[in-house]
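Asker: Can you read through this structure? Questions will come right after.
In my numbering, the protein residues as written are 81 to 176.
Take a look at the structure:
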């Protein structure tokens, strides 16, 4: 397995890391808060913030990009319809 050039590796291959982050983000948006390790939380924070920023823009292109990352229509609908309006006036730091 090649060594990562940048950032932390949560375990296994890059595809496994993408799945871990997607599942953590889905659970975070579904439940509002999650309990996980500190390393996973540090990796999840910028990932979730980017998804919320895309949801705030709200157009079809960004909805499809978020759906490609999360692969769950219910969570994407919740993110765009309820989470994004809540953070409409905040410029970042959604996952404090």
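Cβ atoms here follow ideal geometry from the backbone N, Cα and C, with glycine treated the same way.
For residue 97, which option in 120, 171, 140 has the closest C-alpha, if you only look at C-alpha atoms?
Answerer: Nearest option by C-alpha distance: 120.
Asker: Helix, strand or coil, according to DSSP, for residue 160 in the structure here?
Answerer: It is helical.
Asker: Rounded to whole angstroms, what's the CA-CA distance from residue 172 to residue 129? Just pull it up for me.
Answerer: The straight-line gap from Cα to Cα measures roughly 7 Å.
Asker: Straight-line CA distance for residue 156 to residue 101?
Answerer: So the two alpha carbons sit approximately 15 Å from each other.
Asker: For residue 170, which of 158, 161, 149, 132 has the nearest alpha-carbon?
Answerer: The residue with the shortest Cα to Cα distance from residue 170 is 132.
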